[in-house]
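Asker: Taken in order, these protein sequences are the chains called A and Y.
Take the first sequence: its letter number 172 is residue 171 in numbering that gives the first Met the number 0, and every next letter is one higher.
Take the second sequence: its letter number 23 is residue 22 in numbering that gives the first Met the number 0, and every next letter is one higher.
In this text, a Cβ means the ideal position worked out from N, Cα and C, and glycines have one as well.
Just so it is clear, the structure is predicted and the values come from calculations on it, not from any experiment.
Protein chains: 2
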Amino acid sequence: MKHILIVDDDVHIGNLLQEVLEREGYRVSRAYSGTEALLLLGSCTPDMVLLDLMLPGLSGEELLPRIGQIPVIVLSAKADTADKVGLLLGGAVDYVTKPFDLDELLARIQVHLRDRSGLPGQKTLRYRGLVLDADTHTAQAGGRQVRLTRTEYAILRLLLCNPTQVLPKSLMLDRISEDTPDCTDSSLKMHVSNLRKKLRELDARYSVEAVWGIGFRLSVESEAQGE
Amino acid sequence: MKHILIVDDDVHIGNLLQEVLEREGYRVSRAYSGTEALLLLGSCTPDMVLLDLMLPGLSGEELLPRIGQIPVIVLSAKADTADKVGLLLGGAVDYVTKPFDLDELLARIQVHLRDRSGLPGQKTLRYRGLVLDADTHTAQAGGRQVRLTRTEYAILRLLLCNPTQVLPKSLMLDRISEDTPDCTDSSLKMHVSNLRKKLRELDARYSVEAVWGIGFRLSVESEAQGE
DNA sequence: GTCCACAATCAAAATATGTTTCATATTCTA
DNA sequence: TAGAATATGAAACATATTTTGATTGTGGAC
């Protein structure tokens, strides 16, 4: 369950927002001043901050650079482009002018909360020039193209969905078994081996790295890297 | 140098955009129809797509789900909220209505090109500059990094969880036996010895101290810089 | 100081894991 | 149904890890 902090001294707007967000399934915290927000952020780390600019105490502009890694959407009545640009470059991930449409705000919140890799229903997965096509079950890179078997495709898709993580073999077997019901530990090795061979044909930069005792990870050697 | 693909059949707007983006230091490609964009995306992977909706051939709405992981900013004259929400939820990262302010567009582009990947993994244990990564089973300190075996990892994790306490060997054997079922008292010594060696390589400040007759404790010499 | 029990390290054997190749079974497709 | 594509299992090999035993070092009791 995602956690959103609303920083706004306007009780009316704040209440409305909180109600709508909670109905959408978010956990909501409130802060009514910049200083209060700062205090709260000291003790907890929400997944997103909705920030009004006109705040008592510490203004939104002053608070923004002190928020750090958490994505911030600025809500403000100021429609001036210079303000917008300043805040966007200053760390905000979006700027919505009041009065705003609630559905649009919810959509924009979702954009910044969604994991960039985890969109279902996409036809292609990409990472560093490597393209996996769901329609044709092929992998492409630098113009070249190879066909993948069902299992190879499942493995590569799993790796591309978590391109930096090490995936334990047990987890891979779990996820892959949806496509190929009985795939044992030893045959997984086979498929990984075959996948490696095909990736090598495609572009030697790509490979499946084994992390001893744990599982596998996609590895891309970052040389030259045009696409 | 970041690479941006402009998909717009309006030559005038496209030229203007290209000019401005190139002046900002981006590499720009152009596509004048949905199908052309698709072709281009087959052979290269830009860092961002600016997508007009009204396109000959394949419309922007149809193209969007086939773009995959690349962040897409939709540029459109349609100001209808339902359209906006649909596209944002459908994979676009932003929606800018024409006519747009160039500075604001540039700022929004920058927001979505900003590197969000630098977030440190959450699966880490830290103590006094020593970082243990669960994902890769590595220990890091001061830039350096060493790989740990399963048992070494289990031992170091145990020590890092109780960084000031002395852990009796019997207890360590208990906890470690989950990972390595048969680890006797004498082989534990071996693993501790190996771990010590690796920690020494990492940073001589860290070591595993033996408490005579009882067990082991993590020891960090607090000289010079602590982090 | 000497002795003893515990601790640390080394080297080598034993075990586990990872990679590839090959042969065989199964499924798919024409 | 035949032939191709795909999946599986076993074997052979390479590599990493764990265990074991021998050896040396160290603290503490007497």
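Name, going along the chain, the residues of the segment 96-107 of chain Y whose beta-carbon falls closer than 7 Å to a beta-carbon of chain A.
Answerer: Result list: Asp-100, Asp-102, Glu-103, Ala-106 and Arg-107.
Asker: Roughly how many angstroms separate the alpha carbons of Ile-66 of chain Y and Leu-198 of chain Y, rounded to a whole number?
Answerer: Roughly 45 Å between the two C-alpha positions.
Asker: Which chain A residues are close to Gly-41 of chain Y, counting only those with a beta carbon under 8 Å from its beta carbon?
Answerer: Val-130 and Gln-139, listed in chain order.
Asker: Out of A:Gly-85, A:Gly-33 and A:Asp-100, which has the shortest C-alpha to C-alpha gap to Glu-103 of chain Y?
Answerer: The shortest Cα separation from Glu-103 of chain Y among A:Gly-85, A:Gly-33 and A:Asp-100 belongs to A:Gly-85.
Asker: Go to Glu-208 of chain Y, then tell me how far its beta strand (DSSP E) extends in each direction, as first and last residue.
Answerer: It spans 205-210 - the beta strand (DSSP E) in which Glu-208 of chain Y sits, taken as one unbroken run.
Asker: Using 8 Å as the cut-off, can you tell me whether the segment 159-178 of chain A makes contact with the segment 212-222 of chain A, which would need three or more C-beta pairs spanning the two stretches below that distance?
Answerer: Output reads yes: the segment 212-222 of chain A touches the segment 159-178 of chain A.
Asker: Quick one: residues in its chain with C-beta nearer than 7 Å to the C-beta of Gly-117 of chain Y, no 5 flanking neighbours on either side, listed in chain order?
Answerer: Caution is warranted here: a pLDDT of 46 is assigned to Gly-117 of chain Y, below 50, making its placement in the model unreliable, and the coordinate value is therefore given only provisionally. Around Gly-117 of chain Y: no qualifying Cβ.
Asker: Which same chain residues end up closer than 6 Å to Leu-129 of chain Y when comparing Cβ atoms and leaving out the 5 residues on each side of it in sequence?
Answerer: Taken in chain order, the residues that qualify are Ala-140 and Tyr-205.
Asker: May I have the straight-line CA-CA distance separating Ser-32 of chain Y from Glu-21 of chain Y, to the nearest angstrom?
Answerer: Using only the alpha carbons, I get a separation of about 21 Å.
Asker: Would you mind sorting Thr-183 of chain A into buried or exposed? The rule is 16 or more other CB atoms within 10 Å of its CB.
Answerer: It is exposed - the Cβ of Thr-183 of chain A has fewer than 16 other Cβ atoms within 10 Å.
Asker: Since Leu-38 of chain Y and Leu-62 of chain Y are thought to touch, with beta carbons under 8 Å apart, how far apart are those beta carbons, to the nearest angstrom?
Answerer: About 11 Å; that fails the 8 Å criterion.
Asker: Does DSSP put Leu-131 of chain Y in a helix, a strand or coil?
Answerer: Of the three classes helix, strand and coil, the one that applies to Leu-131 of chain Y here is strand, per DSSP.
Asker: What do you reckon, are the CB atoms on His-190 of chain A and Thr-137 of chain A nearer than 8 Å?
Answerer: No, the Cβ-Cβ distance between His-190 of chain A and Thr-137 of chain A is not below 8 Å.
Asker: Quick check on the DSSP output: the alpha helix (DSSP H) that includes Ser-169 of chain Y runs from which residue to which?
Answerer: Note, Ser-169 of chain Y: alpha helix (DSSP H), 168-175.
Asker: How far does the beta strand (DSSP E) with Gln-144 of chain A in it reach, from first residue to last?
Answerer: Counting along the chain, the beta strand (DSSP E) containing Gln-144 of chain A begins and ends at 143-146.
Asker: Show which residues of chain A have a CB atom less than 9 Å away from the CB atom of His-136 of chain Y.
Answerer: Neighbours of His-136 of chain Y on chain A, chain order: Val-165, Val-210, Trp-211, Gly-212 and Ile-213.
Asker: Residues of chain Y with a CB under 9 Å from the CB of Arg-125 of chain A: which are they?
Answerer: Within 9 Å Cβ-Cβ: Leu-40, Thr-44, Ile-66, Gly-67, Gln-68 and Ile-69.
Asker: Got a sec: which bits of the segment 176-191 of chain Y sit with their beta carbon under 7 Å from any beta carbon on chain A, in order along the chain?
Answerer: Residues: none.
Asker: Closer than 7 Å by C-beta to Arg-156 of chain Y: which residues in its own chain qualify, once you throw out the five before and the five after it? Chain order, please.
Answerer: The residues are Leu-124 and Leu-131.
Asker: At the 8 Å Cβ level, is Gln-109 of chain Y part of the contact set with chain A, yes or no?
Answerer: Taking Cβ atoms only, chain A reaches closer than 8 Å to Gln-109 of chain Y, which makes this a yes.
Asker: Would you report the Cα separation of Leu-112 of chain A and Arg-174 of chain Y, rounded to the nearest angstrom?
Answerer: Taking the straight line from one Cα to the other gives about 37 Å.
Asker: In terms of residues, what are the limits of the beta strand (DSSP E) holding Thr-123 of chain Y?
Answerer: Taken as a continuous stretch (DSSP letters only), the beta strand (DSSP E) holding Thr-123 of chain Y covers 123-126.
Asker: For Glu-226 of chain Y, count neighbouring C-beta atoms within 10 Å of its own C-beta (all shown protein chains included) and say buried if the count is 16 or more, exposed if not.
Answerer: Reliability of the predicted coordinates at Glu-226 of chain Y is poor, the pLDDT of 37 falling under 50, and no value is obtained from them.
Asker: Do Asp-100 of chain Y and Thr-96 of chain A have their C-beta atoms within less than 8 Å of each other?
Answerer: Not in contact: Asp-100 of chain Y and Thr-96 of chain A (Cβ atoms no closer than 8 Å).
Asker: On the three-state DSSP scale, how would you describe Asp-93 of chain A?
Answerer: Reduced to three states, the DSSP call for Asp-93 of chain A is strand.
Asker: Are the Cβ atoms of Leu-4 of chain Y and Ala-30 of chain Y separated by less than 8 Å?
Answerer: Yes, these two residues count as a Cβ contact at 8 Å.
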